[in-house]
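Novice:
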Amino acid sequence: MKKSKQFWVFAVLAIAIYAAIQFMISGGFLNNFYSNTLIFMGINIMLAVSLHLVIGITGQFSLGHAGFLAVGAYVSAIMTMKLDLPFFAAILIAGIAAALAGLVVGIPSLRLRGDYLAIATLGFAEIIRIIFLNIDYVGGAAGMQVTHLTTWTYTFICLFVTILVIVNFTNSRHGRACIAVRENEIAADAMGINTTYYKVLAFAIGSFFAGVAGALYAHNFYIIQPANFGFLKSIDILIYVVLGGLGSLSGAIVATILLTVVSTFLQDFPETRMIIYSLVLIIVMLYRPKGLMGKMEFTDYLKMWMRPKGGSQHEQ
Numbered sequence: 020m021k022k023s024k025q026f027w028v029f030a031v032l033a034i035a036i037y038a039a040i041q042f043m044i045s046g047g048f049l050n051n052f053y054s055n056t057l058i059f060m061g062i063n064i065m066l067a068v069s070l071h072l073v074i075g076i077t078g079q080f081s082l083g084h085a086g087f088l089a090v091g092a093y094v095s096a097i098m099t100m101k102l103d104l105p106f107f108a109a110i111l112i113a114g115i116a117a118a119l120a121g122l123v124v125g126i127p128s129l130r131l132r133g134d135y136l137a138i139a140t141l142g143f144a145e146i147i148r149i150i151f152l153n154i155d156y157v158g159g160a161a162g163m164q165v166t167h168l169t170t171w172t173y174t175f176i177c178l179f180v181t182i183l184v185i186v187n188f189t190n191s192r193h194g195r196a197c198i199a200v201r202e203n204e205i206a207a208d209a210m211g212i213n214t215t216y217y218k219v220l221a222f223a224i225g226s227f228f229a230g231v232a233g234a235l236y237a238h239n240f241y242i243i244q245p246a247n248f249g250f251l252k253s254i255d256i257l258i259y260v261v262l263g264g265l266g267s268l269s270g271a272i273v274a275t276i277l278l279t280v281v282s283t284f285l286q287d288f289p290e291t292r293m294i295i296y297s298l299v300l301i302i303v304m305l306y307r308p309k310g311l312m313g314k315m316e317f318t319d320y321l322k323m324w325m326r327p328k329g330g331s332q333h334e335q
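With positions in the sequence shown counted from 1, the corresponding number in this note's numbering is that position plus 19.
#1: Restricting to runs no shorter than 3 residues, where is the beta strand (DSSP E) found entirely within the segment 163-211?
#2: Is DSSP giving I242 helix, strand or coil here?
#3: Taking the alpha carbon of L111 as the point to measure from, which residue in I40, I146, N50, V180 has its own alpha carbon closest?
#4: Rounded to whole angstroms, how far is the Cβ of K252 from the Cβ of A116, which I believe are closer than 8 Å?
#5: May I have the straight-line CA-CA distance separating V186 from R148, to the nearest angstrom?
#6: Distance, Cα to Cα, Y9 vs A160?
#7: What did DSSP end up calling K309 once you bin it into helix, strand or coil?
#8: Please classify M315: does DSSP put it in a helix, a strand, or coil?
#9: Less than 7 Å between C-beta atoms, sequence neighbours within five positions excluded: which residues of the same chain meet that for Y241?
#10: Rounded to a whole number of angstroms, what is the C-alpha to C-alpha distance between D134 and A35?
#11: Could you give the distance in angstroms between the alpha-carbon of Y156 and the alpha-carbon of L32?
#12: Sort L122, G78, L257 by Cα distance to I205 and report the nearest one.
#13: Which residue marks the beginning of the alpha helix (DSSP H) containing Y216, and which one marks its end?
Structural data, given as structure tokens:
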């Protein structure tokens, strides 16, 4: 009952936010720059939340998220531009293709740990980028022209589903198994948890939503190029998760919003943009080394604020 109440509160709040923003876009109160910023922010949140499942919940250090973003982007572009499929079908197919790519890289590489896993996933992302770089069918290095189909409504629906699925997965017994793997993989294995299965499962789910984000990303611009999905893109997504706090979904969302706003409004100052961007990261990590929210969620803070001071009167 309590979880059901939390779901409906989240759903009503999300719909209210969607309706308010859609009203401002339709009424002309938000110009193309601000509406595009909101769409880009939603895509980045999807990427951060999907990587949060891999790193923050399951504890697997992956640097290949840009590769799954690329798979989703190019597959969706092929579906709409070459095969004339509707956009919603292209989004679904892009997610499935990225999930299959996640299985291909996850089954052999997730037996590795730590730095070795990071190197393996980074290598996968670079392989994907080089493949698209050398395929003339998708434009090669020159890139592929894509029709602008991404809207605030598509972005909101995909973001809502992403957060809902990952929150429910985290709170399920499968999510608790993934958390056990993160805390101590050897102990989890000794307790009978199939650690490889749960690592691959989390990796595939995270890859699926990265692919969905890739579809939105591709159709938010008029051209996609392999250079958009390089090593630095994976680092950007990783920063969202680490800065927000490993293990905190709310922290990943807050950090993504903060850094997207900072990056967007500093784009007119290319010489100083990265300097200020880096200073923001350094200052936050100096004063909040565990991230903006540590392992806490918004609901945890609400419980702390609503808790009566001095404890219960019935306590002895």
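Each residue gets a CB set at the ideal place from its N, CA and C atoms; glycine is no exception.
As the structure is a computational prediction, the values presented were derived from the model and not from experiment.
Specialist: On the basis of the supplied data:
#1: none
#2: Residue numbering aside, residue 242 sits at position 223 when the sequence shown is read from its first letter. In this structure, I242 counts as strand in the three-state DSSP scheme.
#3: Taking the first residue of the sequence shown as 1, we reach residue 111 at position 92. The option with the nearest alpha carbon to L111 is V180.
#4: On the sequence shown, position 233 is the one that residue 252 refers to. On the sequence shown, position 97 is the one that residue 116 refers to. That belief does not hold up - the Cβ atoms of K252 and A116 are roughly 18 Å apart, past 8 Å.
#5: Locating residue 186 in the sequence shown gives position 167, where the first residue counts as 1. Locating residue 148 in the sequence shown gives position 129, where the first residue counts as 1. Taking the straight line joining both Cα atoms gives about 30 Å.
#6: The structure shown has nothing for residue 9, since the chain only spans 20 to 335.
#7: As a working note, residue 309 is residue 290 in the sequence shown. Here K309 sits in coil by DSSP.
#8: Start at 1 with the first residue of the sequence shown, and residue 315 comes out as number 296. Residue state, collapsed to three classes: coil.
#9: Taking the first residue of the sequence shown as position 1, residue 241 is located at position 222. Hits under 7 Å: Q164, V165, H167.
#10: To locate residue 134, count along the sequence shown from 1; it is residue 115. To locate residue 35, count along the sequence shown from 1; it is residue 16. About 43 Å.
#11: Position 137 of the sequence shown, counting from 1, holds the residue named residue 156. Position 13 of the sequence shown, counting from 1, holds the residue named residue 32. Taking the straight line joining both Cα atoms gives about 43 Å.
#12: By 1-based counting over the sequence shown, the position of residue 205 is 186. Ranking the options by Cα distance to I205, first place goes to G78.
#13: As a first step, residue 216 must be located in the sequence shown, where it is residue number 197. Note, Y216: alpha helix (DSSP H), 214-237.
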